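K.L.:
Its first residue numbered 9, the sequence shown is counted upward by one per residue in the working numbering.
Here it is, the structure, as structure tokens.
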Amino acid sequence: MTAFIFNNLNDMQANINRNKLFVASCLSLLVTSLSFGIRAGILGTLGTQFNLSASELASIAATAFWGFPLAVVIGGMVVDAIGMKKLLVIAFLFHLAGIVLTIFAGGFWTLFLSTLLIGIANGTVEAACNPLVATLYPDNKTTKLNHFHLWFPGGIFIGTLIVFLFEKMGIGWQIQVAIMLIPTVIYGYLFSKLDFPVTERVASGVSTAEMYKSVGTPLFVFMFICMFGTAITELFTGQWVGVLLNNVTDNAILILTITTGVMVVGRGLAEPIVHRFSPQGVLLISAILAAIGIYMMSTVTGSMLYFAALIFGIGVCYFWPTMLGFVAENIPKSGALGLNLMGGAGMFAVSIYTLFMGGFYDRLIAEKLPEGASMEAYRTAAAGTTEAAKYAEAQLTAGPDVLKATAIIPVILTVAFAGLVFYMRNKKKPQLAGA
Numbered sequence: 009m010t011a012f013i014f015n016n017l018n019d020m021q022a023n024i025n026r027n028k029l030f031v032a033s034c035l036s037l038l039v040t041s042l043s044f045g046i047r048a049g050i051l052g053t054l055g056t057q058f059n060l061s062a063s064e065l066a067s068i069a070a071t072a073f074w075g076f077p078l079a080v081v082i083g084g085m086v087v088d089a090i091g092m093k094k095l096l097v098i099a100f101l102f103h104l105a106g107i108v109l110t111i112f113a114g115g116f117w118t119l120f121l122s123t124l125l126i127g128i129a130n131g132t133v134e135a136a137c138n139p140l141v142a143t144l145y146p147d148n149k150t151t152k153l154n155h156f157h158l159w160f161p162g163g164i165f166i167g168t169l170i171v172f173l174f175e176k177m178g179i180g181w182q183i184q185v186a187i188m189l190i191p192t193v194i195y196g197y198l199f200s201k202l203d204f205p206v207t208e209r210v211a212s213g214v215s216t217a218e219m220y221k222s223v224g225t226p227l228f229v230f231m232f233i234c235m236f237g238t239a240i241t242e243l244f245t246g247q248w249v250g251v252l253l254n255n256v257t258d259n260a261i262l263i264l265t266i267t268t269g270v271m272v273v274g275r276g277l278a279e280p281i282v283h284r285f286s287p288q289g290v291l292l293i294s295a296i297l298a299a300i301g302i303y304m305m306s307t308v309t310g311s312m313l314y315f316a317a318l319i320f321g322i323g324v325c326y327f328w329p330t331m332l333g334f335v336a337e338n339i340p341k342s343g344a345l346g347l348n349l350m351g352g353a354g355m356f357a358v359s360i361y362t363l364f365m366g367g368f369y370d371r372l373i374a375e376k377l378p379e380g381a382s383m384e385a386y387r388t389a390a391a392g393t394t395e396a397a398k399y400a401e402a403q404l405t406a407g408p409d410v411l412k413a414t415a416i417i418p419v420i421l422t423v424a425f426a427g428l429v430f431y432m433r434n435k436k437k438p439q440l441a442g443a
């Protein structure tokens, strides 16, 4: 009887074009990642043009991170009821509004609001597309989530290259932001024309009560907490590396380009790696390499910085999609809610950490300036002055100090994931009803 029901569900969704839906999903995530990559690349420029402090820049950057969890958690609660297609139409509209408002921004508050809109759009994309990919590929979830999420570092890689090349050509940051309109319009059009399946949880007949019960299990709570650390390690470092190491190297943005380039390749090759080491084994190896990479970036200089970025990129490469894949495979009854709570936890943690570390970065700089000096006067001093030189010197050590503090997080994750590996060795993988 179970097999009969499952086959009927497959027949009902036979008209779903899996490949086109996957491509459109990747384009929507590309917009999300371009927003991260381009914003990371122009953050310093925005600070200069609008006379913003590191704390104000941190507030703007953090807005994307707390707009994301707001959308992804609400989306996770309603996606089964309203369907994935309607959520993605909402994402398209918020992306469009946020990008246009960014282009015409005039200061802190317009940048704050536009970044919030883009953050909400990004969270809505994840709220719909993570369960969509898991539904489209029920027998290969972790691998396909890695393939889907390669477009996150892929978009950051493209975005940082756009910033780097356009700045060399003298093209303003508004045009750089406007580039995001192209994939936005394309994914909005594709999703409007395609038919969508119901989520895997609904198709399998798992009740809403069972779904909520699943997100209260000890294993889910453990992974939920670990998501704080994996997200901070990957996203805070990636978003802020250009600011933190700006005075350590002339090409700080290339560090992010190298990191994300490695992540694209790694996620594209996820299938044999995940099958060889298991999701929990991959997470353990990732935490070790991420800790080494961040520590190296905080201590080395010159060409070794790029080698450190390579190690860091390999380390964080599998974090986000493998965390989601682990939950989808080992706590399948948590459904779309489980996946989206994980994403929301990660982005919320990054938003809080970013705000805290922005203030910490300002305090580190202030400590290295002459006693009683005005941070504002030194930060806005004209190039070539004594004040400007002292401010740059303070930044030279403050940025790496922030990275050293962040390196503690993947060290803690190493211990946590070592425990997870031992726990999972004797645990039988659960099955969804009807699977």
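Virtual Cβ for every residue (Gly too), placed ideally from N, Cα, C.
Source: prediction; values computed, not measured.
(1) Give the secondary structure of V429 by DSSP, where H, G and I count as helix, E and B as strand, and everything else as coil.
(2) Roughly how many angstroms separate the alpha carbons of G91 and A374, rounded to a whole number?
(3) Does the distance from the CB of S306 to the CB of L411 come in under 7 Å?
(4) Please classify V87 as buried or exposed, where buried requires at least 16 neighbouring CB atoms within 10 angstroms.
(5) Identify, in the order they occur along the chain, each residue of the same chain with its Cβ nearer than 7 Å to the Cβ of A113, setting aside the five sequence neighbours on each side.
(6) Using beta-carbon positions only, say whether T268 and I170 come within less than 7 Å of one another.
(7) Once you ignore the five residues that flank T225 on each side, which residues in its own chain have a CB closer than 7 Å to its CB?
(8) Mind checking T56: buried by the 16 CB within 10 Å criterion, or exposed?
(9) Helix, strand or coil for E375 per DSSP?
(10) Could you check what DSSP says for F73 in three-state terms: helix, strand or coil?
(11) With burial defined as no fewer than 16 other Cβ atoms inside 10 Å of the residue's Cβ, what is the status of G84: buried or exposed?
(12) CB-CB under 6 Å to G354, same chain, minus the five flanking residues each way: which ones, in chain order?
(13) F425 and A211 look like a contact to me (Cβ under 8 Å); what is the Cβ gap, rounded to whole Å?
(14) Could you give the residue range of the alpha helix (DSSP H) that holds F112?
(15) Which residue comes first and which comes last in the alpha helix (DSSP H) that contains G289?
(16) Quick check on the burial criterion: 16 or more other C-beta atoms within 10 angstroms. Buried or exposed for N154?
(17) Using the three-state DSSP reduction, which class does S382 fall into: helix, strand or coil?
(18) Would you call the CB atoms of A317 and I263 closer than 7 Å?
(19) Locate the alpha helix (DSSP H) running through D147, then write down its first and last residues.
(20) Check whether the Cβ atoms of V358 and F430 sit closer than 7 Å, and answer yes or no.
(21) I need the straight-line Cα distance from I68 to F116, nearest angstrom please.
(22) CB F199 to CB L104, shorter than 7 Å?
(23) Take L484 and list the residues in its own chain whose beta-carbon comes closer than 6 Å to its own, dropping the five residues that flank it on each side.
(24) Could you spell out where the alpha helix (DSSP H) holding E395 opens and where it closes?
(25) Going by the beta-carbon positions, is the gap between G351 and L253 smaller than 7 Å?
(26) Could you tell me whether the stretch 202-211 touches the stretch 374-391, using the rule of 3 or more Cβ pairs below 8 Å?
(27) Pick out whichever of I111, G162, K398 has its Cα sitting closest to the Cα of L453.
(28) Return yes when the Cβ of V185 is within less than 7 Å of the Cβ of I233, no when it is not.
(29) How many angstroms separate the CA atom of I420 from the CA atom of L202?
(30) What do you get for E384, buried or exposed, if any count of 16 or more other CB atoms within 10 angstroms of its CB means buried?
(31) What are the boundary residues of the alpha helix (DSSP H) that F165 is part of?
(32) In chain order, which alpha helix (DSSP H) runs of at least 4 residues are fully inside the stretch 312-362?
(33) Hey, quick one: how far does the alpha helix (DSSP H) through I194 stretch, first residue to last?
(34) Closest by CA to R275, which one among L313, Y303, T330, I266?
(35) For N15, which residues in the same chain have their Cβ closer than 6 Å to its Cβ, ignoring the five residues on either side in sequence?
P.N.:
Reading from the atomic positions:
(1) Reduced to three states, the DSSP call for V429 is helix.
(2) Rounded to whole angstroms, G91 to A374 spans 51 Å at the Cα level.
(3) Judged by beta-carbon spacing, L411 lies within the 7 Å limit of S306, meaning their Cβ atoms are closer than that value.
(4) Label assigned to V87: buried.
(5) Counting only residues of its own chain and dropping the five nearest sequence neighbours on each side, A113 has a CB closer than 7 Å to the CB of L119, S122.
(6) The Cβ atoms of T268 and I170 do not sit closer than 7 Å to each other.
(7) Only I339 meet the Cβ criterion.
(8) By the beta-carbon neighbour count (other beta carbons within 10 angstroms, threshold 16), T56 is exposed.
(9) DSSP places E375 in helix when its eight states are reduced to three.
(10) Under the three-state reduction of DSSP output, F73 falls in the helix class.
(11) Residue environment for G84: buried (at least 16 other C-beta atoms within 10 angstroms of its C-beta).
(12) M235, A239, listed in sequence order.
(13) In fact, because the Cβ distance is near 31 Å, the residues do not count as touching under 8 Å.
(14) Note, F112: premise wrong, no alpha helix (DSSP H); not H, not E.
(15) Start and end: 278-307.
(16) N154 counts as buried, since no fewer than 16 other beta carbons sit within 10 angstroms of its beta carbon.
(17) In this structure, S382 counts as coil in the three-state DSSP scheme.
(18) Contact: yes.
(19) Annotation for D147: no alpha helix (DSSP H) segment contains it, and DSSP assigns it neither H nor E.
(20) No, Cβ-Cβ distance for V358 and F430 is not below 7 Å.
(21) Distance between the alpha carbons of I68 and F116: 8 Å.
(22) Going by C-beta atoms, F199 is not nearer than 7 Å to L104.
(23) This structure cannot settle anything about residue 484, because the visible part of the chain is limited to 9 through 443.
(24) Where E395 is concerned, the enclosing alpha helix (DSSP H) stretches over 394-414.
(25) 7 Å or more divides the Cβ of G351 from the Cβ of L253.
(26) Verdict: no, contact absent.
(27) Limits of the chain in this structure are 9 at one end and 443 at the other, which puts residue 453 out of reach.
(28) No, the Cβ-Cβ distance between I233 and V185 is not below 7 Å.
(29) The C-alpha of I420 lies about 44 Å from the C-alpha of L202.
(30) Burial is judged here by how many other beta carbons sit within 10 angstroms of a residue's own beta carbon; E384 has fewer than 16 and is exposed.
(31) For F165, the enclosing alpha helix (DSSP H) stretches over residues 159-176.
(32) With a minimum length of 4 residues, the continuous alpha helix (DSSP H) runs that stay inside the stretch 312-362 are 312-324, 327-338.
(33) Per DSSP, I194 belongs to the alpha helix (DSSP H) from 189-201.
(34) Nearest Cα to R275 within the set L313, Y303, T330, I266: T330.
(35) Caution is warranted here: a pLDDT of 45 is assigned to N15, below 50, making its placement in the model unreliable, and no coordinate value can be reported.
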